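Undergrad:
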Ligand SMILES: Cc1cc2nc3c(=O)[nH]c(=O)nc-3n(C[C@H](O)[C@H](O)[C@H](O)COP(=O)(O)OP(=O)(O)OC[C@H]3O[C@@H](n4cnc5c(N)ncnc54)[C@H](O)[C@@H]3O)c2cc1C
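Numbering (UniProt numbering), first residue to last: 1 to 373.
#1: For ligand 1, is there a heavy atom less than 7 Å away from the beta-carbon of residue 70?
#2: Suppose only complete runs of 3+ residues qualify. What are the beta strand (DSSP E) ranges in the region 86-173, listed by chain order?
#3: Give me the DSSP bridge partner(s) of residue 48.
#4: Could you give the DSSP three-state label for residue 8: helix, strand or coil?
#5: Please find out if some non-hydrogen atom of ligand 1 comes closer than 7 Å to the beta-carbon of residue 364.
#6: Buried or exposed for residue 219, going by 16 or more other Cβ atoms inside 10 Å?
#7: Are the CB atoms of residue 185 and residue 105 nearer to each other than 8 Å?
#8: Figure out for me which residue from 194, 309 and 215 has the closest Cα to the Cα of residue 327.
#9: What's the C-alpha gap between residue 164 and residue 339?
#10: Is the separation between the beta-carbon of residue 257 and that of residue 36 shorter than 8 Å?
#11: How is residue 240 classed by DSSP in three states: helix, strand or coil?
#12: Using the DSSP secondary-structure output, state which residues sit across from residue 193 in a beta bridge.
#13: Can you tell me whether residue 191 is buried or exposed, with buried defined as 16 or more other CB within 10 angstroms of its CB?
#14: I'd like the list of long-range same chain contacts for residue 356, defined as Cβ closer than 6 Å, with 5 residues on each side in sequence excluded.
#15: For residue 315 and residue 65, what's the separation of their Cα atoms in angstroms?
#16: Identify which residue in 102, 337 and 371 has its Cα closest to the Cα of residue 348.
#17: How would you label residue 14, buried or exposed, when you count the other beta carbons within 10 angstroms and need 16 or more for buried?
#18: Given residue 140, which residues of its chain have a CB within under 7 Å of its CB, disregarding the five upstream and five downstream residues?
#19: In chain order, what residues of the same chain lie with their CB nearer than 8 Å to the CB of residue 208, ignoring the 5 residues before and after it?
#20: Below 8 Å on the Cβ atoms is my guess for residue 67 versus residue 87; work out the distance and round it to an integer in Å.
#21: Judging by CA-CA distance, which residue of 147, 210, 138 and 237 is the nearest neighbour of residue 187?
#22: Just how far apart, CA to CA, sit residue 182 and residue 117?
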């Protein structure tokens, strides 16, 4: 397949083939408007599927033809190269919110923030601290979405997915999803599963939230970590905290033209942590102390935001069209007229700077398409 170079006006065709007769189809379609970075060139072909059957048909057709396939939900965790995607981009726009007692089933295309709001309005707990995370429900298991002390792996019971290697629709129980920090089986095998539906078990705690695990949320609410508050209040508080950090989408605010956190928090072995600590003391003096959180046997998690800041990349860093958010060091942002190459140049500068100062290599959280750091 030849690379796509021109962003010609997309041409729309419907009912083009018998197999994909209800799917909306565009050619040379710009992908930037489908991403929260608003970056990336066109796709050779863009399909939009509104039912599970359409999703499966579209995937089967692309796979049978040997065409590269890019699944797009809300585009809030994607860095697409300026040359675009030479293949079929499939936007998942399925709908389905089914609540039965504490059991919730979401179609992959449901907007995650809306689903959170509805569960909280129904008086249920379990995902209230995941309010404000953009994107689709179907993408939440991919990187085990998490924030403010909650991760979807705590409430997901099953993921229903189309398995591209076998051609079957499979139901994968939580224990087989290999969830870990910003990772899962689905992220480990990116070309295998297309998530169709996600099932959750929520908690009926008489309108109260799950115990608040995140100290900042508890502090803001004037309670101890581990206590419960009303789920409505927990959600509102998280939204307020996120808003102050540019972590709630706002089309008018360039600080939110991002993919949220651009880097994951590094997880270091004991030996790596000892070497890192020595660099911290060398840089910041004997009292230098980096954030450190237990992350399993012999592993310590530190803070990417802290590393970036202490390496000299403070809020608002940069003079070009891609800069660090003025509200959060972990978010790289498009100030309006950046290209993906501008963004990547900034990301590489940050990675190299942190490595020089602290000897730690940051890893990008968003998925890159046709480019790498
Ligand atoms: C302002 C902002 C704040 C954010 N805050 C957080 C946060 O607090 N915590 C957090 O974890 N993330 C956060 N993110 C990142 C992002 O919102 C999440 O990762 C979200 O789940 C991505 O969903 P999406 O539908 O936009 O996925 P996309 O960006 O469309 O896709 C991401 C990846 O998932 C794949 N994918 C998408 N849908 C499917 C599917 N149905 N089946 C198979 N593969 C699929 C794509 O191919 C791609 O590889 C934030 C992003 C922004 C812009």
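Beta carbons are placed, not taken as given, at the ideal position from N, Cα and C, and that holds for glycine.
These numbers come from a predicted model, not from an experiment.
TA: Inspection of the coordinates gives the following:
#1: Within the chain shown, the letter at position 70 stands for residue 70. Within the cutoff, so yes.
#2: 97-100, 103-107, 156-163 and 168-173
#3: Taking the first residue of the chain shown as 1, we reach residue 48 at position 48. For residue 48, which the question treats as bridged, DSSP gives the partners 24 and 91.
#4: Residue numbering aside, residue 8 sits at position 8 when the chain shown is read from its first letter. Because the pLDDT at residue 8 is just 35, under 50, the model does not fix this residue reliably, and the value given afterwards should be weighed accordingly. Three-state DSSP puts residue 8 in coil, outside helix and strand.
#5: Position 364 of the chain shown, counted from the start, is the residue given in the question as residue 364. Checking every heavy atom of ligand 1 against the Cβ of residue 364, none is found closer than 7 Å.
#6: The count along the chain shown starts at 1 and reaches residue 219 at position 219. That one is exposed.
#7: Here residue 185 is taken as the residue at index 185 of the chain shown, counted from 1. Here residue 105 is taken as the residue at index 105 of the chain shown, counted from 1. In this structure, residue 105 does not lie closer than 8 Å to residue 185 by Cβ.
#8: The residue labelled residue 327 in the question sits at position 327 within the chain shown. Selected option, being the one with the closest Cα: 309.
#9: In the chain shown, residue 164 corresponds to position 164, counting from 1. In the chain shown, residue 339 corresponds to position 339, counting from 1. Each residue's Cα considered, the two are about 32 Å apart.
#10: Translated into the one-based positions of the chain shown, residue 257 becomes position 257. Translated into the one-based positions of the chain shown, residue 36 becomes position 36. Going by C-beta atoms, residue 257 is nearer than 8 Å to residue 36.
#11: On the chain shown, position 240 is the one that residue 240 refers to. Three-state result, residue 240: helix.
#12: As a first step, residue 193 is located in the chain shown; it is residue number 193 there, counting from the start. Partner(s): 163.
#13: Residue numbering aside, residue 191 sits at position 191 when the chain shown is read from its first letter. It is exposed - the Cβ of residue 191 has fewer than 16 other Cβ atoms within 10 Å.
#14: For the purposes of this step, residue 356 is taken as residue 356 along the chain shown, with counting starting at 1. There are no such residues.
#15: Translated into the one-based positions of the chain shown, residue 315 becomes position 315. Translated into the one-based positions of the chain shown, residue 65 becomes position 65. Their backbone Cα atoms lie some 46 Å apart in a straight line.
#16: Counting from 1 along the chain shown, the entry for residue 348 is found at position 348. The shortest Cα separation from residue 348 among 102, 337 and 371 belongs to 371.
#17: As a first step, residue 14 is located in the chain shown; it is residue number 14 there, counting from the start. With a pLDDT of 43 at residue 14, under the threshold of 50, the modelled position of that residue is not reliable, and the figure given next carries that caveat. That one is exposed.
#18: Along the chain shown, read from residue 1 onward, the residue named residue 140 stands at position 140. 112, 152 and 198.
#19: For the purposes of this step, residue 208 is identified with residue 208 of the chain shown, where counting begins at 1. Around residue 208: 125, 228, 229, 230 and 231.
#20: Counting from 1 along the chain shown, the entry for residue 67 is found at position 67. Counting from 1 along the chain shown, the entry for residue 87 is found at position 87. About 5 Å; that satisfies the 8 Å criterion.
#21: Counting from 1 along the chain shown, the entry for residue 187 is found at position 187. The candidate whose alpha carbon is nearest that of residue 187 is 138.
#22: Here the question's residue 182 lines up with position 182 in the chain shown. Here the question's residue 117 lines up with position 117 in the chain shown. Near 23 Å, if we compare the C-alpha coordinates of residue 117 and residue 182.
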